[in-house]
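Protein chains: 4
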Amino acid sequence: MSNAYAVIAGVGPGTGRSIATRFAKAYPVVLLARSGESYDSVVAEINNTGGQAIGIATDATDRSSLDAAFEKISKELFPGRYLAAAIYNVRPNGRPSLKPFLDLTLEELDSSLNGNIRGFFHFAQRVVPLLADAVKISNHPPTLIVTGATASTRGGARFGDIAAGKNGQRALTQTVAREFSPVGVHVAHIIIDGAIDIPGRENIYNHGPDSKISPDAIAESSWHLHTQPRSAFTHELDIRPYIGRF
Amino acid sequence: MSNAYAVIAGVGPGTGRSIATRFAKAYPVVLLARSGESYDSVVAEINNTGGQAIGIATDATDRSSLDAAFEKISKELFPGRYLAAAIYNVRPNGRPSLKPFLDLTLEELDSSLNGNIRGFFHFAQRVVPLLADAVKISNHPPTLIVTGATASTRGGARFGDIAAGKNGQRALTQTVAREFSPVGVHVAHIIIDGAIDIPGRENIYNHGPDSKISPDAIAESSWHLHTQPRSAFTHELDIRPYIGRF
Amino acid sequence: MSNAYAVIAGVGPGTGRSIATRFAKAYPVVLLARSGESYDSVVAEINNTGGQAIGIATDATDRSSLDAAFEKISKELFPGRYLAAAIYNVRPNGRPSLKPFLDLTLEELDSSLNGNIRGFFHFAQRVVPLLADAVKISNHPPTLIVTGATASTRGGARFGDIAAGKNGQRALTQTVAREFSPVGVHVAHIIIDGAIDIPGRENIYNHGPDSKISPDAIAESSWHLHTQPRSAFTHELDIRPYIGRF
Amino acid sequence: MSNAYAVIAGVGPGTGRSIATRFAKAYPVVLLARSGESYDSVVAEINNTGGQAIGIATDATDRSSLDAAFEKISKELFPGRYLAAAIYNVRPNGRPSLKPFLDLTLEELDSSLNGNIRGFFHFAQRVVPLLADAVKISNHPPTLIVTGATASTRGGARFGDIAAGKNGQRALTQTVAREFSPVGVHVAHIIIDGAIDIPGRENIYNHGPDSKISPDAIAESSWHLHTQPRSAFTHELDIRPYIGRF
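Residue numbers (this note's numbering), protein chains in the order written: chain A, 212 to 457; chain B, 212 to 457; chain C, 212 to 457; chain D, 212 to 457.
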């Protein structure tokens, strides 16, 4: 195993778990989530199957919490190792409201702005210098991946809060890509356009076999992005189930 | 003159002044800006040339300040009148930083999110019900116009803070359009893709005659949007000078 | 009336008629259509209401037919006059097939490519030099307008032939805009996103009052585009009814 | 090796060769190009390194030539086998003109329309039914991949002919995706945004190491698309070098 590690911010039972598991095949992984409840089982699963995983309870939208996590990583956990990949999969605290625009509260809007834009801002400012430092030594170009959604590309009825946050997040991702791609850091955005097949939620949005996106497939595409050489970076790809309007 | 009025939020010497002057040919206009310094001369100009204009010192990004302004409008200034058009042209407090991503501060990011997203959120929640109420009596479909920028459609190097705010604003505008167009409210977004020809700044970004966008032309296009019948709404148009890459 | 004229290619009872009528308020207009049947009543209407209109039976997708028409214009009809505006509103010969992809014939595809791309190619090569010649003398910047459709921006099920032609047409319009905007020629594309309210077809696609786009409104927006100064060109706008998904 | 095969239309020394070589690791591959000169060395290379490749001289833009090729495949070469993947990488005959719009000839425009739109139309009508037939037996969802370019998404100065053809091709690809994705056929479009690193052309567009796109990397991404399960189809991804404006 290489002298590298990966960080996944936003780990629950769905996409975060799958990405962590996939990247753990190549790197020790650090899992960030607000509470151990979210990542404990994933950490155990990875460690029990030959990988190496560590969870740190972190509010990725809070600078000092994030600083403490990276301090711990560089001083205690992985001194001397380089950061090969960082994934920002943080969901805003609380469920999407799906409220009509006039019923939206400022708190709901702020929750989206905080989780999607400010949180990514903090995270990217922390990891981009580490990724840039790793350009010359990393096996694959150091990679920052952001998981977006349908609402990342436009507004839609009842998606005001989400769309404002996700569109802003995507634009900020593009900014980071344009500034750091020339340095050799690969910054990519995934548009996840559909419901994700999360264990325990089988009956939600279920329109038949494979009608919900496999989080393992999102993880495979994330890994593929990471393996692209610097002459052939993909900056955005969409992922959606075979059925459903698009 | 009709039994209507228009509100322009964000009035300085450039686009806001031109839009206010243009709409004042048809409606009494209320001008909102953080301080009278910004709108005093525009108010005087309109009132001296046969129009009717009133300025209210308002922080359009602050709910209670905005509430007070609309309270004043409906109780004192124009009781019984309907709102025919509302324009959101607010610029975040302070100049765009144009800083490299790693140098951006949270304060700079927040300034953009506040002026572009939160401010528009408050403004739209205030005016949309008034516009909806006016659908059956307004001469032209009641209209909400948002002035965007190049950075409204993508991120760019050194545009992280601006792009996050403007992309989020555009997505929120699209949400409002999708929810209230079926009611008959016209919601439109203008992509202003270039420098604006603001009096007193002749030497900035000057690449020859007409190389900067005439704010009066933006105002004419805004007025054109307002006059479109409900069978033919334009939801977005771009405006840029004849020279310059696009 | 000015020393100018306008040309509208593709004139029937809908958009072409409305645009011709609108531009005839300012300029003598030349109407091109495959047969007089299409434009005779429009020519009569304009001439009977104080305007000046001439129809020329022309296949705008055929270079020699188009050459003959412009020869006639410059030699016989309007020697010495300049071309202020040209509108390409040609529809491919025959109705859209709306066929599933596997049922489409090459003839149907070619009909779309011919009317949408090759025809516009010929038309633009004819009019752009004339428009460029008029830059210094025209009251408004000389303008080339192309009427597109929903299918101009993406492919859709059963829209293979149309989408291929309209996307290609839009891309070619953008090319012409990028090459000739710096010269002062205004090239604009209108996305007509919905059914047009054409006299005699009241019962088709009718979802209530104003559910179909007023062709007169398209004409007003076309005229507005023409009046924009060169510091403030709009290159694309969408037009759609207030109801209907978008 | 499975009971399947793959077809690559448009095989020269660059992308086509790399894709053929990559897919040959899993399937016997059929290579189509106008003349054996284009594919002979690739066929030899694959057969010499443990794969199975057959070239058929075919004008993929000509229906009868294409019919003959598929007749040969199904009757002689691979009777009983299913088609797992088809790649359309055909370049129009002749080099892009890169001419100013007014200098473009109809022949140059037609060459682009023929290679990009009509050719893909024929190819897709041939392969889509075969791919649909393979849905239930194929290891990975049967896949149709189209290689696009920067000019697939917009027009640009001196790119009139190319942009018309590539935008039309992309729209037609989207149509096929929307019609056949629900059946389980994966249709994907790759935007190749930059010069490709083709052997023998090292000195063209060379801006330093890795400044041109590795065709092998395009092939890896194509293979990745093919391996995505039907719950997680990517319909479009961009590929560009780490340096260069985007």
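Ideal placement from N, C-alpha and C gives every residue a C-beta, glycine not left out.
Residue i burial status per 10 Å Cβ neighbour count (16 or more: buried)
i, result
"residue 239 of chain B", "buried"
"residue 295 of chain C", "buried"
"residue 348 of chain B", "exposed"
"residue 423 of chain A", "buried"
"residue 452 of chain C", "buried"
"residue 275 of chain B", "exposed"
"residue 418 of chain A", "exposed"
"residue 431 of chain A", "buried"
"residue 456 of chain B", "exposed"
"residue 390 of chain D", "buried"
"residue 255 of chain B", "exposed"
"residue 447 of chain B", "buried"
"residue 259 of chain B", "exposed"
"residue 304 of chain C", "exposed"
"residue 261 of chain B", "exposed"
Below-8 Å beta-carbon distance, residue i vs any chain C residue
i, result
"residue 424 of chain B", "yes"
"residue 220 of chain D", "no"
"residue 384 of chain D", "yes"
"residue 324 of chain D", "yes"
"residue 168 of chain D", "Outside the shown range of chain D, which is 212 to 457, sits residue 168 of chain D, and nothing can be said about it."
"residue 227 of chain B", "no"
Same chain, Cβ closer than 6 Å to residue i, five either side skipped, listed in chain order
i, result
"residue 307 of chain B", "373"
"residue 409 of chain D", "224 and 225"
"residue 309 of chain C", "369"
Minimum Cβ-Cβ distance from residue i to chain D less than 8 Å
i, result
"residue 444 of chain A", "yes"
"residue 328 of chain C", "yes"
"residue 266 of chain C", "no"
"residue 240 of chain C", "no"
"residue 439 of chain C", "no"
"residue 408 of chain A", "yes"
Closer than 8 Å to chain B by CB, residue i
i, result
"residue 419 of chain C", "no"
"residue 340 of chain A", "yes"
"residue 370 of chain A", "yes"
"residue 400 of chain C", "no"
"residue 381 of chain C", "no"
"residue 435 of chain C", "yes"
"residue 271 of chain A", "no"
"residue 450 of chain C", "yes"
C-beta neighbour in chain A for residue i, strict 8 Å
i, result
"residue 378 of chain B", "yes"
"residue 453 of chain D", "yes"
"residue 256 of chain B", "no"
"residue 390 of chain B", "yes"
"residue 459 of chain D", "With chain D covering 212 to 457 only, the question about residue 459 of chain D has no answer from this structure."
Cut-off 8 Å between Cβ atoms - residues of its own chain near residue i, not counting five sequence neighbours on either side
i, result
"residue 378 of chain C", "362, 363, 364, 365 and 366"
"residue 257 of chain C", "231, 232, 235, 240, 263 and 264"
"residue 334 of chain A", "220, 271, 277, 297, 299 and 301"
"residue 346 of chain D", "352, 353, 394, 395 and 396"
Same chain, Cβ closer than 7 Å to residue i, neighbours up to 5 away in sequence not counted
i, result
"residue 342 of chain D", "294, 297, 353, 355 and 396"
"residue 416 of chain D", "406 and 423"
"residue 214 of chain A", "292 and 293"
"residue 320 of chain A", "372 and 375"
"residue 460 of chain B", "This structure cannot settle anything about residue 460 of chain B, because the visible part of chain B is limited to 212 through 457."
"residue 267 of chain C", "241, 243, 280 and 283"
Every unbroken alpha helix (DSSP H) within the region 421-453 of chain D, with a cutoff of 4 residues, ordered by chain: Segments of the alpha helix (DSSP H) lying fully in the region 421-453 of chain D: 426-438.
Any 3 or more C-beta pairs closer than 8 Å across the region 431-443 of chain B and the region 238-258 of chain C: The answer is no - the region 238-258 of chain C does not touch the region 431-443 of chain B, with fewer than three Cβ pairs under 8 Å.
Segment contact flag, the region 388-400 of chain A with the region 395-405 of chain B, C-beta cutoff 8 Å, min 3 pairs: Two segments are said to touch when three or more pairs of C-beta atoms, one from each, lie closer than 8 Å; by this definition the region 388-400 of chain A does not touch the region 395-405 of chain B.
The region 351-362 of chain A contacting the region 355-364 of chain B, beta-carbon criterion three pairs below 8 Å: Output reads no: the region 355-364 of chain B does not touch the region 351-362 of chain A.
Whole runs of the beta strand (DSSP E) within the region 267-300 of chain C, excluding any shorter than 3 residues: Along the region 267-300 of chain C, the beta strand (DSSP E) occurs as fully enclosed runs of 3 or more residues at 293-299, listed in sequence order.
Chain F contacts made by the region 308-319 of chain B, where a contact means CB separation under 9 Å: Of the protein chains in the structure, A, B, C and D, none is chain F.
Secondary structure, beta strand (DSSP E): runs of 3+ residues fully inside the region 212-270 of chain D: With a minimum length of 3 residues, the unbroken runs of beta strand (DSSP E) contained wholly in the region 212-270 of chain D fall at 215-220, 240-244 and 264-268.
Beta strand (DSSP E) runs wholly inside the region 298-341 of chain C, at least 3 long, in chain order: Listed in chain order, there is nothing to give.
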